[in-house]
Every structure is written in C-alpha cells, then in structure tokens.
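What follows is a short report on a single structure.
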Amino acid sequence: MSEPALDKNLLGDMQTFVQRAIDRGRRTFELATAAPEPVGLTPKDVLYSRGTLRLYHYHPLSDEVYRVPVLLVMATTNKAFVFDLAPGQSMVEFLLKQGFDVYVIDWEPPTPEERGLTLASYTQDFIPTCVQKVQDDTGETDVSIIGYCMGGVLSLIYAATHADGPLKNLVCLTTPVNMHGMGLQNVWNDKRYFDVDRLVDTLGIIPADSVTQMFEMQRPAQKIAGQLRLWEQMLDDEYVKSYRAFQRWGDETLPLAGEYLRETTKELMWDNKLFNGDLVVSGRKAKLSKIKVPMLSIVAEHDHLAPRDSTRELLDVVGSTDKEEILLKGGHVSLIAGPNAVRRMWPRLDVWLSERSV
Amino acid sequence: MADEKPKDPGAVFQEWVTQWERNFDSFANKVMGTEGFSQAMNETQKAQLKMQGMFSQFMTEQLGKMNMPTRDDVLRLGEAITAVDRRLERIEEKLALDGKKKRSKKRPARTKKPASSQIDKKENEA
Numbered sequence: 014m015s016e017p018a019l020d021k022n023l024l025g026d027m028q029t030f031v032q033r034a035i036d037r038g039r040r041t042f043e044l045a046t047a048a049p050e051p052v053g054l055t056p057k058d059v060l061y062s063r064g065t066l067r068l069y070h071y072h073p074l075s076d077e078v079y080r081v082p083v084l085l086v087m088a089t090t091n092k093a094f095v096f097d098l099a100p101g102q103s104m105v106e107f108l109l110k111q112g113f114d115v116y117v118i119d120w121e122p123p124t125p126e127e128r129g130l131t132l133a134s135y136t137q138d139f140i141p142t143c144v145q146k147v148q149d150d151t152g153e154t155d156v157s158i159i160g161y162c163m164g165g166v167l168s169l170i171y172a173a174t175h176a177d178g179p180l181k182n183l184v185c186l187t188t189p190v191n192m193h194g195m196g197l198q199n200v201w202n203d204k205r206y207f208d209v210d211r212l213v214d215t216l217g218i219i220p221a222d223s224v225t226q227m228f229e230m231q232r233p234a235q236k237i238a239g240q241l242r243l244w245e246q247m248l249d250d251e252y253v254k255s256y257r258a259f260q261r262w263g264d265e266t267l268p269l270a271g272e273y274l275r276e277t278t279k280e281l282m283w284d285n286k287l288f289n290g291d292l293v294v295s296g297r298k299a300k301l302s303k304i305k306v307p308m309l310s311i312v313a314e315h316d317h318l319a320p321r322d323s324t325r326e327l328l329d330v331v332g333s334t335d336k337e338e339i340l341l342k343g344g345h346v347s348l349i350a351g352p353n354a355v356r357r358m359w360p361r362l363d364v365w366l367s368e369r370s371v
Numbered sequence: 002m003a004d005e006k007p008k009d010p011g012a013v014f015q016e017w018v019t020q021w022e023r024n025f026d027s028f029a030n031k032v033m034g035t036e037g038f039s040q041a042m043n044e045t046q047k048a049q050l051k052m053q054g055m056f057s058q059f060m061t062e063q064l065g066k067m068n069m070p071t072r073d074d075v076l077r078l079g080e081a082i083t084a085v086d087r088r089l090e091r092i093e094e095k096l097a098l099d100g101k102k103k104r105s106k107k108r109p110a111r112t113k114k115p116a117s118s119q120i121d122k123k124e125n126e127a
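So the sequences go chain by chain: A and B.
With the first sequence counted from 1, adding 13 to any position gets you our numbering.
With the second sequence counted from 1, adding 1 to any position gets you our numbering.
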C-alpha cells in the first residue's frame, strides 16, 4: 500500500472515531435529561388492590384462550413490570399472544403500617385472596401459578399449605429452596454476626437502598461494566432502550417489610425450614411433599442471586409426579426478560403450560 | 500467510469489559465471601443502627419538649388517613365492580387447545 493511501485510510478512521465520540456524547446528554423509559405498556386493569398488593388482569390478545388462567407472582423486592418491559420484550404479551389469560400480582412499597407483614400475610392472605379474585373473574376453579424468585418461594409455601386448593400447575422461575446453598448471602447473613432483630426493630421497613445494595454487592462490577457496554452501544437504539428499561427496573427496587425480612432470615435462611419440611405458617405445616400438582422449575446456569446449589433439589422435595426442571443459559434476570428469554425460556414455558391448561 | 481480518474494535472492547467484569467480580466475591468481611460489614451496620437509634431517641425527646410531633406521630396520622383512603377505595371498587357487572364484559372463549393436541388430532383424522 502506498503511503498517501495509508494516510487517507487513517484519516478516515480517525474522522469516524471522532464523529462517533461526538454522537455518543450527544446521546449521553440526551439520555441524562430524558424521561424514564416507558415500561409495562400491555393494556391491563387493576382487578384488586390493598396496601402493598396489586392484582392486574391483562387484556386478552387472542380470540380464544386456554381454560386455566395464569397468575404470575412477583418477588416482594421488585416491580412486576420486568414481566412486561416493552412490546416484543414482554413475557406477559407473549403469553397473551399464545392464548393464556394472564393475571399478575405486583407490589407497591409497603406502607409504614405494613412493616408487620409476615410470610403468613403473603402466603395465607394475599395469594389466596388473589387466587379467589381470579376464580371469580374467570368463572374457573383451576388456576396456574408462575412464581419468580422469592415470588416462587411464596408460591411454594401457598401450594404446600393449600394442597387441596384450586392450584392446577405450579411453575417456579429461578426459585431457591435450599437456603443453605445461597452462597454469599449465607456468609453475610451469618447468625453470629447479622443482627436482624436490631435492623428490623430500628428501621421497621427496610429501605430500598439497602435491598439494592445487597443485590449489587454480589456482582460489584456489573453496574460499571453495564455502563461501559452502554457507552459502546450508545448509537444502537434498541440496545439503549432495553438497557434503560432494565435500569429502571433495578432503580425501582422496593423496600421490604421488616417482619417479613426477620422471618425469612430466621426461618428460611438460618433454619432452612422450608427445605427441611419444618416450616409452619399460620398454624399450617408447609411441607413441600404435600405439593402434588404438575410442576416446572426453570433455572439459570449463571444465577448469582438464586445459585444452582439453592435450586437443584427443588423437584426432589415436592410430592408431584409430573415434574420437570429446565436448566437454561443466562442469569437471574435474563432468564425471564431480554433476548435470552425470548429465544430460550418463553417457548419452553409455553409448550409445558399449554398442554396442562385445557 | 493467511490474511487476518482486523478485529472489530467494538467487539474487542466488549470482550475486554466482559473479562474485566468477570475478574473483578471473582476477586471481590473471594474477599467478600470471607467470615472476616461478614463480621466487619455486620459490625459496621450494627454501629450505624445504634447511632440511628440514639439519634432518633434524642430527637423524639427534643421534639416532645418543643411540643412538636415526632416522626412516629406523623406516621400514625398517615396511617389514619390511609385507613380512610382504603375504605374509600373499597367503596369505589364495589361501585366500579357493580358497573362492570352491568356492562357484562365480553371475554374470549376458554376453549383453546395446545398446538401439540391439534397436530395429534390431525394425525388421527388422517
């Protein structure tokens, strides 16, 4: 190559580099001043609300639906719009298009008077009430439940304490059951050092910042790496949109009712009572072996919040005969939302659930 | 010698970020996964909570002396308002529900069959 041609190429590359840097800078400024990314756009009605609890019914998107409605149960620490991030990236929209009648349990920040909410409040009051509302709204007796993370744990406790109830199918997404396999969380919540009583007695409601910090500490580089990736992909509109939707979800982490944290720490984390079959909620034994309905557990290979050691034995301890575990690539959140979920998880969920929803 | 295509700088950067993230997290997890870290973290939290508790108690006493409401008093007032608000919500819900029942919303038929059973049916018919 002759020298002038080399110079020309180099000049061209440099011009592109500088232009892209300017465009990225401009875009960064635009995003910094832009309104939050719109999320949860699939049309819905609030069927029921009480304090921290919201029950949504999504408008059907098909002319014919499966007989059995589906109730999604979100973890108490996060907003349920992760199920409905954006058109084309929405698990709810996908399920509706496949012909499911979809209901979702979402949570608002608990009010100060809700600091005393316990496992019993969620599993013996909120979930059963919502199941009843779904039954009333659809006229169907059977209801399938899909629980995500701690929403899955609550669903398990509900299922175990309502073994003769209307539950038709149970799907647990990234749901830990052996709490002694929770990795770093076990170390940080070591009962010799973690004074959960002082924390709850002093704060009443655990602030959202503390909950977020607990999540972020497990992957301390994730936030910075995410921002570096965003800078690189700043001119890709789809990437930026998706990033901002996920970021909004992370930013809107919910505070936690203190008593609920005290109980989950002592009963579930320290004494591992759900896994051992010793958990009693409102006088009812929550033995997982009592769960006999068809069950699907979908877990992620690289899940740091519900590590594999905590999810592996779920199907061993339930009493169901029709049970299946699907282990997929991805992490705790990418299992349910984002390109991985669209490609890997949703179709598998659809196949399993549709056959059991007639 | 085979022509080597120059790597896309964007892809190289992404790879570098992923590697850096993995290494940093792995290192941090090792440090934070020790008993010593857990002890130090929880001791710090305990000290913060103790301070917060003492400050809260001090403020409660001072506000009482000044005849001013404390945070708990304001929260209790908030609870009372919320209780009234909830009763209103329930009444509104009941009214809305009655209205909805009257309108008798049209719903799709609950007769959908999974794609697999449709295939089985077609195979049987054939």
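Beta carbons: idealized from backbone N, C-alpha and C, even for Gly.
As assigned by DSSP and simplified to three states, the class of residue i
{"i": "Asn68 of chain B", "result": "coil"}
{"i": "Tyr206 of chain A", "result": "coil"}
{"i": "Cys143 of chain A", "result": "helix"}
{"i": "Asp97 of chain A", "result": "strand"}
{"i": "Gly54 of chain B", "result": "helix"}
{"i": "Ile237 of chain A", "result": "helix"}
{"i": "Ser347 of chain A", "result": "coil"}
{"i": "Ser370 of chain A", "result": "coil"}
{"i": "Ala48 of chain A", "result": "coil"}
{"i": "Asp155 of chain A", "result": "coil"}
{"i": "Lys254 of chain A", "result": "helix"}
Span separating the alpha-carbon of residue i from that of residue j
{"i": "Met60 of chain B", "j": "Phe259 of chain A", "result": "39 Å"}
{"i": "Asp86 of chain B", "j": "Gln40 of chain B", "result": "44 Å"}
{"i": "Met2 of chain B", "j": "Met247 of chain A", "result": "Because Met2 of chain B carries a pLDDT of 46, less than 50, the predicted location of this residue cannot be relied on, and no value is offered for it."}
{"i": "Lys298 of chain A", "j": "Pro233 of chain A", "result": "38 Å"}
{"i": "Leu308 of chain A", "j": "Pro10 of chain B", "result": "Here residue 308 of chain A is Met; the residue named in the question, Leu, does not match the sequence. Their backbone Cα atoms lie some 46 Å apart in a straight line."}
{"i": "Met14 of chain A", "j": "Asp222 of chain A", "result": "Only weak support is given to the placement of Met14 of chain A: the predicted model assigns it a pLDDT of 48, under 50, and the question is left unresolved by the model."}
{"i": "Glu36 of chain B", "j": "Val200 of chain A", "result": "7 Å"}
{"i": "Val330 of chain A", "j": "Val190 of chain A", "result": "9 Å"}
{"i": "Glu77 of chain A", "j": "Val52 of chain A", "result": "26 Å"}
{"i": "Arg77 of chain B", "j": "Pro125 of chain A", "result": "9 Å"}
Identity of the residues DSSP links to residue i by a beta bridge
{"i": "Leu243 of chain A", "result": "DSSP, once it has assigned bridges, lists no residue as partnering Leu243 of chain A."}
{"i": "Gly160 of chain A", "result": "A:Val86, A:Cys185"}
{"i": "Met308 of chain A", "result": "A:Leu183, A:Lys336"}
{"i": "Ala110 of chain B", "result": "A:Glu77"}
{"i": "Arg67 of chain A", "result": "A:Ser62, A:Asp119"}
{"i": "Val293 of chain A", "result": "A:Lys298"}
{"i": "Leu269 of chain A", "result": "A:Ile219"}
{"i": "Leu341 of chain A", "result": "A:Ala313"}
{"i": "Lys57 of chain A", "result": "A:Tyr71"}
Selected residue, minimal CA-CA separation from residue i, among the options
{"i": "Ile92 of chain B", "options": "A:Asp97, A:Ser62, A:Leu108, A:Gln246", "result": "A:Ser62"}
{"i": "Cys185 of chain A", "options": "A:Leu23, A:Ile339, A:Leu248, A:Val371", "result": "A:Ile339"}
{"i": "Ala354 of chain A", "options": "A:Tyr69, A:Ala313, A:Tyr252", "result": "A:Ala313"}
{"i": "Leu274 of chain A", "options": "A:Lys303, A:Arg211, A:Asp155, A:Gln231", "result": "A:Arg211"}
{"i": "Arg128 of chain A", "options": "A:Val81, A:Glu276, A:Lys305", "result": "A:Glu276"}
{"i": "Ala12 of chain B", "options": "A:Glu245, A:Leu348, A:Arg356, A:Glu368", "result": "A:Glu245"}
{"i": "Leu169 of chain A", "options": "A:Leu183, A:Arg261, A:Ser157", "result": "A:Leu183"}
{"i": "Gly271 of chain A", "options": "A:Glu43, A:Leu44, A:Leu132", "result": "A:Leu132"}
{"i": "Ser367 of chain A", "options": "A:Ala47, A:Arg67, A:Gly112, A:Thr41", "result": "A:Gly112"}
{"i": "Lys305 of chain A", "options": "A:Lys336, A:Asp291, A:Ala319", "result": "A:Lys336"}
{"i": "Lys110 of chain A", "options": "B:Asn24, B:Pro109, B:Met55, B:Glu16", "result": "B:Pro109"}
Whether residue i touches residue j by CB criterion (7 Å)
{"i": "Glu121 of chain A", "j": "Thr29 of chain A", "result": "no"}
{"i": "Leu193 of chain A", "j": "Asn285 of chain A", "result": "The amino acid at residue 193 of chain A is misidentified as Leu; the sequence shows His. Yes, these two residues count as a Cβ contact at 7 Å."}
{"i": "Val209 of chain A", "j": "Thr278 of chain A", "result": "yes"}
{"i": "Val86 of chain A", "j": "Gly160 of chain A", "result": "yes"}
{"i": "Tyr71 of chain A", "j": "Thr55 of chain A", "result": "yes"}
{"i": "Val105 of chain A", "j": "Asp97 of chain A", "result": "yes"}
{"i": "Tyr171 of chain A", "j": "Val147 of chain A", "result": "no"}
Residue i Cβ short of 6 Å to the ligand HEM heavy atom set
{"i": "Ala354 of chain A", "result": "The model depicted lacks the ligand HEM and carries no ligand whatsoever."}
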